[in-house]
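In terms of full-length UniProt numbering, the sequence shown opens at residue 1 and continues consecutively. From the three backbone atoms N, C-alpha and C, an ideal C-beta is built for every residue, glycine too. Notes for the one structure printed next.
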Amino acid sequence: MGDGAARLAAIHAARSQAVIEGIESIDPDFVLHLASSTLGVVLDHFITGPGARPGRTVFAMPREEEGVAVTSGLELAGRRPVMVFQDNGVGNLLTVLLTFPQPYHVPLYGVVARRGGLGEYNSMIHTVSERVEAILDAAGVRWFQLDARTPVESWAPEIKRAWTYSRTTHRPVFTLVNLMGG
Numbered sequence: 001m002g003d004g005a006a007r008l009a010a011i012h013a014a015r016s017q018a019v020i021e022g023i024e025s026i027d028p029d030f031v032l033h034l035a036s037s038t039l040g041v042v043l044d045h046f047i048t049g050p051g052a053r054p055g056r057t058v059f060a061m062p063r064e065e066e067g068v069a070v071t072s073g074l075e076l077a078g079r080r081p082v083m084v085f086q087d088n089g090v091g092n093l094l095t096v097l098l099t100f101p102q103p104y105h106v107p108l109y110g111v112v113a114r115r116g117g118l119g120e121y122n123s124m125i126h127t128v129s130e131r132v133e134a135i136l137d138a139a140g141v142r143w144f145q146l147d148a149r150t151p152v153e154s155w156a157p158e159i160k161r162a163w164t165y166s167r168t169t170h171r172p173v174f175t176l177v178n179l180m181g182g
């Protein structure tokens, strides 16, 4: 592995660990996810690692919009769910997000992995990923960004603060995390 690739791998590992710590600080009893190579370290922690523990249910969402519906139901039942998926799925969940949890003030929280940018190998990803902030803004959905501008040691506390903000405001909130180096 070259110096550049090793540096990016180290960044990915440190940021993934910070996301794990942030989600663990929330202590969710449900973690809903969609498979993603970018989120592999995070998902492995909750699916087969130390995050897979008694009292916590971890399962794959068939699609993002179905995840929003299930997460909303869990919220209404007084549970502590967290969604974990990548940003190119934001377009899929808009209708259900804007017709159920947003207007009915259901606190819903998701950690959303960023894609696109320099080094992205999938040309399809750029179409949606580069516009996620604008899409969420246009939909009136609150989001926070964690990337190279935020020291990695601040990521876990910021994830917890964003989750708390979703409860305080009684609305959906997403934290966009760039695990890939930007």
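Is the distance from the Cβ of residue i to the Cβ of residue j below 9 Å?
{"i": "Glu158", "j": "Leu146", "result": "yes"}
{"i": "Val42", "j": "Leu179", "result": "yes"}
{"i": "Arg142", "j": "Val111", "result": "no"}
{"i": "Arg63", "j": "Gly40", "result": "no"}
{"i": "Leu97", "j": "Ala156", "result": "no"}
{"i": "residue 191", "j": "Glu153", "result": "Not covered by the structure: residue 191. The range shown for the chain is 1 to 182."}
{"i": "Pro101", "j": "Glu75", "result": "yes"}
Could you tell me the distance, in whole angstroms, from the CA atom of residue i to the CA atom of residue j?
{"i": "Val82", "j": "Ala14", "result": "21 Å"}
{"i": "Val68", "j": "Leu34", "result": "12 Å"}
{"i": "Tyr109", "j": "Phe30", "result": "12 Å"}
{"i": "Leu176", "j": "Ser16", "result": "13 Å"}
{"i": "Arg161", "j": "Thr71", "result": "19 Å"}
{"i": "Ser166", "j": "Ile11", "result": "28 Å"}
{"i": "Thr168", "j": "Pro107", "result": "8 Å"}
{"i": "Gln86", "j": "Asn92", "result": "11 Å"}
{"i": "Thr150", "j": "Arg114", "result": "15 Å"}
{"i": "Thr95", "j": "Arg53", "result": "33 Å"}
{"i": "Arg80", "j": "Gly55", "result": "11 Å"}
{"i": "Ala6", "j": "Leu32", "result": "30 Å"}
{"i": "Gly51", "j": "Ile26", "result": "12 Å"}
{"i": "Ala77", "j": "Thr164", "result": "18 Å"}
{"i": "Ala134", "j": "Pro28", "result": "28 Å"}
{"i": "Thr48", "j": "Met61", "result": "17 Å"}
{"i": "His170", "j": "His105", "result": "5 Å"}
{"i": "Gly2", "j": "Gly181", "result": "15 Å"}
{"i": "Ile20", "j": "Val84", "result": "11 Å"}
{"i": "Glu24", "j": "Thr99", "result": "29 Å"}
{"i": "Gly73", "j": "Glu66", "result": "11 Å"}
{"i": "Gly4", "j": "Thr57", "result": "37 Å"}
Taking its Cβ as the centre, do 16 or more other Cβ atoms sit within 10 Å of residue i, making it buried, or is it exposed?
{"i": "Gly22", "result": "buried"}
{"i": "Thr38", "result": "buried"}
{"i": "Phe59", "result": "exposed"}
{"i": "His45", "result": "buried"}
Q | Ranges of the alpha helix (DSSP H) found wholly within the segment 87 to 154, counting only runs of at least 4 | A | The qualifying runs are 90 to 99, 125 to 129 and 132 to 139.
**Q.** Start-end ranges of the beta strand (DSSP E) lying completely within the segment 26 to 57, minimum 3 residues
**A.** Within the segment 26 to 57, the complete beta strand (DSSP E) segments at least 3 residues long are 30 to 33, listed from N- to C-terminus.
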